[in-house]
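The sequence shown runs 1 to 329 under the working numbering. All C-beta atoms, glycine included, are put in the ideal place defined by N, C-alpha and C. So the structure is just underneath, and the comments pick up after that.
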Amino acid sequence: MIYTDPQAAAPAFAARIAQAQRILLLTHINPDGDAIGSLLGAAHMLYALGKTPISLLASPAPSYSLGLPGAEWLRVYQRGELLPEVDLIWMLDTAAPDRVGLIAEEHAEAFTARPLLIVDHHVTNDGLGELNLIDPTAASTADLLFRLLRALQWPITPDAATCLYMGLITDTQSFQTSSTRPQTLHTAAEILLAGADRRAVVTAIYFSLPATTLRLTGLVLSELHQEEGLVWAHVTQAQLAASGAGDEATDYVVSQLQRTTGMQICALFKERHDGTVKLSLRSQPGINVAAIAQRWGGGGHAQAAGATLALDLRGAEALIIPLLRQLLT
Ligand SMILES: [Mn+2]
């Protein structure tokens with residue numbers, strides 16, 4: 001059964017969860033704030049109901065989520081591991097079972113052998129669960145889950161609210177995305193009224209950058225190129241070494257490139273240890289940068305894509321920049 005409305009879904013979800021004691025909570029590989037916030041939000045609720053939730057990740061949680069209440073329950077699945085004995089599986093923020101990485105690869109049968117609940121907002125979700133609550137217009141899974149919990153009339157603890165607030169804030173980039181609607185802000189208000197620790201969430205996401213990330217950003221942005229709607233920069237191994245920044249620091253650099261006024265396409269070229277170049281592309285709606293990434297064996301979404309180029313930095317820029325100029329004409 002596929003529901004789009006939390007109110008309509010609530011009775012069936014309530015009945016199914018009432019029958020279960022041990023419940024396996026899963027989310028997608030490389031989990032983001034919405035994945036972890038939704039998973040932990042559900043775990044808090046299930047504990048409050050006297051159930052035994054088991055939170056199993058296919059890959060580690062992002063560092064900004066590790067201060068959430070209940071983060072100590074998260075465990076990363078190891079290759080070859082047996083799945084814990086459970087009587088229900090609940091998958092959150094995950095478009096399909098194969099997005100659960102190794103867990104799904106090594107235990108595909110588990111997804112059909114046990115009842116499966118799905119709560120998600122990905123438009124590509126096939127609704128393969130026994131019960132599915134899928135609303136692609138929801139700005140985050142945390143938002144949808146909060147409305148389900150309300151419809152179930154379960155008490156929402158402040159800790160659960162804090163976790164859900166992180167999901168809502170990260171997936172909307174603090175209400176900046178086009179998915180942000182009046183309902184999104186109403187739900188945010190309700191989550192705060194339920195006792196979410198707004199300050200802890202905002203501090204973890206926006207005010208916890210390593211100084212090394214900022215040093216690298218300074219080095220890279222001091223050589224920013226801009227022409228018409230095109231913005232680009234490059235990261236050298238020497239800059240990485242001088243700043244002491246790790247690989248994930250370049251995600252932050254990309255997010256800063258996107259802030260340039262008039263930006264239609266931005267590109268970051270990162271020199272890798274092995275001499276190849278990692279290309280990251282972002283664009284405004286209507287400009288498909290995935291097509292460029294795909295030409296060089298990469299991929300992604302129309303507005304966010306990447307590829308690895310077997311070239312040095314100079315060669316990679318000479319190849320890609322003219323193609324991006326063409327996209328803008
Ligand atoms: Mn999400």
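Selection 327, 268, 300 evaluated against residue 314 yields 268 as nearest (Cα-Cα). No Cβ-Cβ contact shorter than 8 Å links residue 88 with residue 58. By the criterion of a C-beta distance shorter than 6 Å, residue 129 is surrounded in its chain by 116, 117, 118, once the five residues flanking it on both sides are discounted. Secondary-structure assignment with DSSP links residue 120 through a beta bridge to 134. Closest option to residue 257, judged by alpha-carbon separation, among 249, 245, 272, 282: 282. Between the beta-carbon of residue 165 and that of residue 201 there is about 5 Å, and that keeps the pair under the 8 Å contact cut. Bounds of the beta strand (DSSP E) holding residue 22 are 22-27. For residue 141, the Cβ falls inside the 7 Å cut-off from some heavy atom of ligand 1. Distances taken from the Cβ of residue 197 to the heavy atoms of ligand 1 include none shorter than 7 Å. Using a Cβ distance threshold of 8 Å, residue 264 and residue 284 count as a contacting pair. When DSSP assignments are scanned along the stretch 32-64, the uninterrupted stretches of beta strand (DSSP E) that are 3 or more residues long and fall wholly within it turn out to be 52-57.
One Cα belongs to residue 77, the other to residue 261, and the distance between them is close to 43 Å.
Bridge pairing for residue 101: absent [DSSP].
Proximity to residue 149 across 127, 7, 251 peaks at 7, based on C-alpha coordinates. The C-alpha of residue 162 is placed about 12 Å away from the C-alpha of residue 71.
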